[in-house]
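*Asks:* One structure coming up, written as structure tokens, with questions to follow.
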Amino acid sequence: MHQLVLVLDFGSQYTQLIARRIREQSVYCEIHPYTVAKDPSKVRELVGNMKPIGIVLSGGPSSVYEEGAPTIARELFELGVPVLGICYGAQLTAKLLGGVVNAADKREYGRATVRVKQGGEGVFRTVKTGDELQVWASHGDHVDGLPPGFAHTAESDNCAMSGFANASKKIHCVQFHPEVVHTPRGAELLGNFLFGVCGAAGDWSMASFVEEAVAKVRAQVGSDGRVICGLSGGVDSSVAAALIHRAIGDRLTCIFVDNGVLRKGEREQVAAIFRDHFKVDLRVIDAEDRFLNALADVTDPEKKRKIIGYEFIAVFDEQSKQIANARFLAQGTLYPDVIESVSFKGPSHTIKSHHNVGGLPEKMKLALVEPLRELFKDEVRQLGLELGLPKHMVWRQPFPGPGLAVRCLGNLDRARLDVLRNADAIIEEEIRAAGLYESIWQSFGVLLPVKSVGVMGDARTYEETLAVRAVHSRDGMTADWVQLPYDVLGRISSRVINEVRGINRVVYDITSKPPGTIEWE
Ligand code: XMP
20 MHQLVLVLDF GSQYTQLIAR RIREQSVYCE IHPYTVAKDP SKVRELVGNM KPIGIVLSGG
80 PSSVYEEGAP TIARELFELG VPVLGICYGA QLTAKLLGGV VNAADKREYG RATVRVKQGG
140 EGVFRTVKTG DELQVWASHG DHVDGLPPGF AHTAESDNCA MSGFANASKK IHCVQFHPEV
200 VHTPRGAELL GNFLFGVCGA AGDWSMASFV EEAVAKVRAQ VGSDGRVICG LSGGVDSSVA
260 AALIHRAIGD RLTCIFVDNG VLRKGEREQV AAIFRDHFKV DLRVIDAEDR FLNALADVTD
320 PEKKRKIIGY EFIAVFDEQS KQIANARFLA QGTLYPDVIE SVSFKGPSHT IKSHHNVGGL
380 PEKMKLALVE PLRELFKDEV RQLGLELGLP KHMVWRQPFP GPGLAVRCLG NLDRARLDVL
440 RNADAIIEEE IRAAGLYESI WQSFGVLLPV KSVGVMGDAR TYEETLAVRA VHSRDGMTAD
500 WVQLPYDVLG RISSRVINEV RGINRVVYDI TSKPPGTIEW E
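Residue numbers for the sequence shown follow my numbering, beginning at 20 and rising by one.
Put into structure tokens, the structure is as follows:
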């Protein structure tokens, strides 16, 4: 087993980044809401059970002196486990241990310069006393008086107490955010805490993860259990399938449903990799007619999603009944879906009802196998490569469950879907050829039921329009349109018009999210 660092979340938008920066340094960590440490007896139990080598207290949007502000039991600091307090975590540490926290006259948001007053130890182990560090800060409160036993380790123009520590108790605090990239030496400072203060061994690697995960799947499924896995061709289900296959071989059956709204060559690619290369028991279900019949004449985006979700579950259910003794269903659930993060946000509106296979487990009475529950997306990609999946599959851009159905506006017939599929494939080829594919969140085509007049050769054309969409995003929640080079846009446009019958005009979508959404429907 590997060492563990515990990150307690106080609702900071950067909490997941803390975990990422720690794991990048080969140290395993988990995020838990601060509420797990609210109660003194629970804290002892938690630390006794998890045996963390260190605890990180995240930032958060509250003020420690406010009524009802998130807090933890003071006992946490008395268990001999090193603690790193970041921003709100630093203020809370100060308050709980007898320091003073107030609203600051001069708030500190964005870039700041910190002067290190005590280098050579703690988080500043690799920094010299007197050196200046560029950091990213975001706080309106600050620490006015240090708790007894604490030393002042860093300061900035707008914040006297940028850093403070009690080295003998291994408690270190910074008022800025070492986890964000705008703190250029942030990862190094976190590393100083992990390796210098906590004594981390750096024992978390993908190779060791594979071994552990394989053993866990074997233990869960037993010596005769069978697992079914819905393969979509996307990264998560592909990596989950490859991992489970490594654990239980032919007791895994994968079901790939061709719903008629997939990207070009997707079905063939999945078959080539899983059936031919990995020798997985793969059932490819040709359900194109069934889906397209159900979708005929449907133009309402929400209805499309519901129909596709419903049909998918029906097809999957029918197929899985034919697999004797299947008791488990594999899902590619990732860590960000699992983290029970502290949410300070109000209820959000449903903008689109995203289709996934969430309804399956209850309906089918299957137990879930979720071997990626502990991983972030980029770790899943690393794992995929480790398991031997090809790079182009592991780095595939996300593709929505309802597929081309929400990118083909207007009538959903085979002919128009083919037009879109071919145009979309050209966009992918050109974006890949320009070396941009992996740095873009999503790039794709949308077929619009808008006909316009054109001229090709000497002939008049009257055909539909393709919108090219390319966005940068971190999680799909917000997005910026990509400033694609004109020559790439030019090549896409001329290839689509020359090679795809049915499109005579190409436009580029320059809407960010918000106010737009990434998909057109
Ligand atoms: P929107 O269009 O809401 O999309 O800005 C945000 C991200 O979610 C993807 N998306 C979906 N994924 N089922 C999915 O599995 C869906 O119904 C669905 N709708 C949108 C979209 O591709 C983008 O990455």
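Each residue gets a CB set at the ideal place from its N, CA and C atoms; glycine is no exception. Here the structure is a predicted model, which means the values were calculated and not measured.
1) Determine the direct distance from the alpha carbon of residue 467 to that of residue 530, and round the result to whole angstroms.
2) If we ignore side chains and look at the alpha-carbon of each, how far apart do residue 367 and residue 496 end up?
3) With a Cβ-Cβ cutoff of 8 Å, do residue 104 and residue 112 count as a contact?
4) Which residues in the same chain as residue 245 place their Cβ atom closer than 6 Å to its Cβ, once the five residues preceding and following it in sequence are excluded?
5) Cβ of residue 532 within 7 Å of any heavy atom in the ligand XMP?
6) How about residue 425: is its Cβ closer than 7 Å to a heavy atom in the ligand XMP?
7) To test your reading of the DSSP string, which unbroken alpha helix (DSSP H) runs of 4 or more residues are found completely within the segment 224 to 265?
8) Does DSSP classify residue 468 as helix, strand or coil?
9) Tell me the DSSP secondary structure of residue 496 in three-state form.
10) So that I know if they touch, is there some Cβ in chain D lying closer than 8 Å to that of residue 34?
11) Hey, would you say residue 292 sits closer than 8 Å to residue 313, going by beta carbons?
12) Quick check on the DSSP output: the alpha helix (DSSP H) that includes residue 442 runs from which residue to which?
13) Straight-line CA distance for residue 110 to residue 162?
14) Starting from residue 512, trace the alpha helix (DSSP H) both ways and give me its first and last residue.
15) Can we say the segment 299 to 306 touches the segment 273 to 287, given the rule of at least three CB pairs closer than 8 Å?
16) Can you tell me the Cβ-Cβ gap for residue 73 and residue 212, rounded? I've got them flagged as a contact below 8 Å.
17) Can you tell me whether residue 440 is buried or exposed? The criterion is at least 16 other CB atoms within 10 Å of its CB, across all chains shown.
18) Could you tell me whether any non-hydrogen atom of the ligand XMP is closer than 7 Å to the CB of residue 538?
19) Runs of 3 residues minimum, wholly inside the segment 122 to 184: which ones carry the beta strand (DSSP E) assignment?
20) Quick one: measure Cβ to Cβ for residue 342 and residue 247, integer angstroms, because I've assumed they're closer than 8 Å.
21) Is any heavy atom of the ligand XMP found at a distance shorter than 7 Å from the C-beta of residue 552?
22) Nearest CA to the CA of residue 127: which residue from 156, 29, 145, 32?
23) Can you grab the Cα-Cα spacing for the pair residue 408 / residue 385, in whole Å?
24) Confirm, please, whether the CB-CB distance from residue 23 to residue 71 is below 8 Å.
25) Throw me the rounded Cβ distance for the residue 501 and residue 515 pair, which I believe falls under 8 Å.
26) Which whole-angstrom value describes the C-beta separation of residue 154 and residue 133, a residue pair presumed to lie in contact below a C-beta threshold of 8 Å?
27) Just the Cα atoms here: how many angstroms apart are residue 509 and residue 456?
28) Return the chain-ordered list of same chain residues with a C-beta closer than 7 Å to the C-beta of residue 36, the five sequence neighbours on each side being excluded.
29) In whole angstroms, give me the CA-to-CA distance for residue 49 and residue 394.
30) Could you say if the segment 188 to 198 and the segment 118 to 126 meet the contact criterion of at least three C-beta pairs nearer than 8 Å?
31) Quick check: residue 406 and residue 229, are their CB atoms within less than 8 Å of each other?
32) Quick one: using the 10 Å Cβ neighbour count with 16 as the cut-off for buried, is residue 612 buried or exposed?
33) For residue 369, which residues of its own chain have a beta-carbon under 8 Å away from its beta-carbon, when the five flanking residues on both sides are left out?
34) So if DSSP puts residue 461 in a beta bridge, which residue, or which two residues, is it bridged to?
*Replies:* In brief:
1) 16 Å
2) Its pLDDT being 45, under 50, residue 367 is placed unreliably in this model, and the value from its coordinates should be taken loosely. When rounded, the distance between both Cα atoms is 12 Å.
3) yes
4) 270, 344, 345
5) yes
6) yes
7) 225 to 240
8) strand
9) coil
10) Included in the structure is just one protein chain, with no chain D present.
11) no
12) 433 to 452
13) 6 Å
14) 505 to 518
15) yes
16) 7 Å
17) buried
18) yes
19) 151 to 164, 170 to 175
20) 6 Å
21) Limits of the chain in this structure are 20 at one end and 540 at the other, which puts residue 552 out of reach.
22) 156
23) 27 Å
24) yes
25) With a Cβ gap of about 17 Å, residue 501 and residue 515 do not count as contacting.
26) 5 Å
27) 17 Å
28) 198, 199
29) 10 Å
30) no
31) yes
32) Nothing can be reported for residue 612, as the shown portion of the chain is limited to 20 through 540.
33) Its pLDDT being 49, under 50, residue 369 is placed unreliably by the model, and the measurement read from it follows with that caveat. No residues qualify anywhere along the chain.
34) 490
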